[in-house]
Amino acid sequence: MKKQNPITFSPARFVTPIGTAKWCHLGKPRTDERFGGTNYECTIVLDPKDDDTKKFIASIKKAGTELCKGIGKPYPDTRWIRDNDDGTISLSFKRPIRDGVDKPIPVLDTAKQPCKEPWGGDKIRVAFSLGLWKTAMGYGLKPYPNGVQVLERGGGVANVADAFPDLETSESATDIPF
Numbered sequence: 001m002k003k004q005n006p007i008t009f010s011p012a013r014f015v016t017p018i019g020t021a022k023w024c025h026l027g028k029p030r031t032d033e034r035f036g037g038t039n040y041e042c043t044i045v046l047d048p049k050d051d052d053t054k055k056f057i058a059s060i061k062k063a064g065t066e067l068c069k070g071i072g073k074p075y076p077d078t079r080w081i082r083d084n085d086d087g088t089i090s091l092s093f094k095r096p097i098r099d100g101v102d103k104p105i106p107v108l109d110t111a112k113q114p115c116k117e118p119w120g121g122d123k124i125r126v127a128f129s130l131g132l133w134k135t136a137m138g139y140g141l142k143p144y145p146n147g148v149q150v151l152e153r154g155g156g157v158a159n160v161a162d163a164f165p166d167l168e169t170s171e172s173a174t175d176i177p178f
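Quick note on numbering: the sequence shown equals residues 1 to 178 in our numbering.
Right, dumping it as C-alpha cells:
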C-alpha cells in the first residue's frame, strides 16, 4: 500500500525577490535538535517596503489562502516569515534529512551553474514550492526549497582565518592581531 502524501502543493512556483543571505547551511547540514534535527537551511532577509517584496508576499498569501480553502481552514500563522527588529523580514527555508535521505538544496550562480553556498551578506534568491500540510495535530503552510541562486558575493569569508591574512606572517604565535 502506497503511503499517502499529507502535503498539498500550490500549482504556482515561487522565487523570492533579491535579498540578503543570513544563516545558510547548504554545503553541510546543520545538526541541532533544538532547531529541528539535521537540516539544510537558508534564511533570506527582505525589505518589506520594496514593491517586489510586497507583490511577492501578497502572492504567497493568495496561494496559501487558496490551499487552505481546500480544507475549509483560514490562512494560518507562518513561522517561516518573521518580522525583524530592524524593520526587515526574514524568510527561513529548511530541507530536513529524514530516514537517511540526504538531499541538499542546490546552489547556483548567475549562469545557473553549481557554486559554493552563500555567506551572510551575499545577495541571493530562493526558488521554492508552497505546501499545505495537514495531520491529526493541525495544519500549516511551509516552503519547500528547490534551489538558491547566488547573485552577488557580499564579502563574507568561508574560513575565519581568511579574515586575518597577517596571522601567517606574524613574528610569534603569541602575537594578538587586534
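In this text, a Cβ means the ideal position worked out from N, Cα and C, and glycines have one as well. All values derive from a computational prediction rather than experimental measurement.
The beta-bridge partner set that DSSP reports for W119 is empty. Looking only at D52, Q113, G121, V101, the smallest Cα-Cα distance to Y40 is reached by V101. For K49, there is no enclosing alpha helix (DSSP H), since its DSSP letter is neither H nor E.
In the structure shown, I81 falls within a strand segment according to DSSP collapsed to helix, strand and coil. Looking at K142, G131, R125, the one whose alpha-carbon comes closest to that of V148 is R125. Separation of the CB atoms of L130 and P143 is rounded to 6 Å, and the pair is thereby assigned contact status at 8 Å. Only buried fits G19, as 16 or more other CB atoms lie within 10 angstroms of its CB. Using a Cβ distance threshold of 8 Å, P114 and V107 count as a contacting pair. The three-state reading of DSSP puts A127 in strand, counting E and B together. Around the Cβ of I7, a 10 Å sphere holds fewer than 16 other Cβ atoms; the residue is exposed. Cβ-Cβ distances below 7 Å link D122 to A21, V150, E152, R153, G154, G156 in the same chain, with the five nearest sequence neighbours on each side left out; the list follows chain order.
Residue burial annotation: A136 is exposed, with fewer than 16 other C-beta atoms found within 10 angstroms of its C-beta. Exclusion of the five residues before and after D83 leaves I89 as the residues of its chain whose Cβ lies within less than 7 Å of its Cβ. The DSSP-derived three-state label of T53 is helix. Using a Cβ distance threshold of 8 Å, E117 and L26 count as a contacting pair.
The continuous stretches of beta strand (DSSP E) do not include V101, and DSSP gives it neither H nor E. For A63, the three-state secondary structure derived from DSSP is helix.
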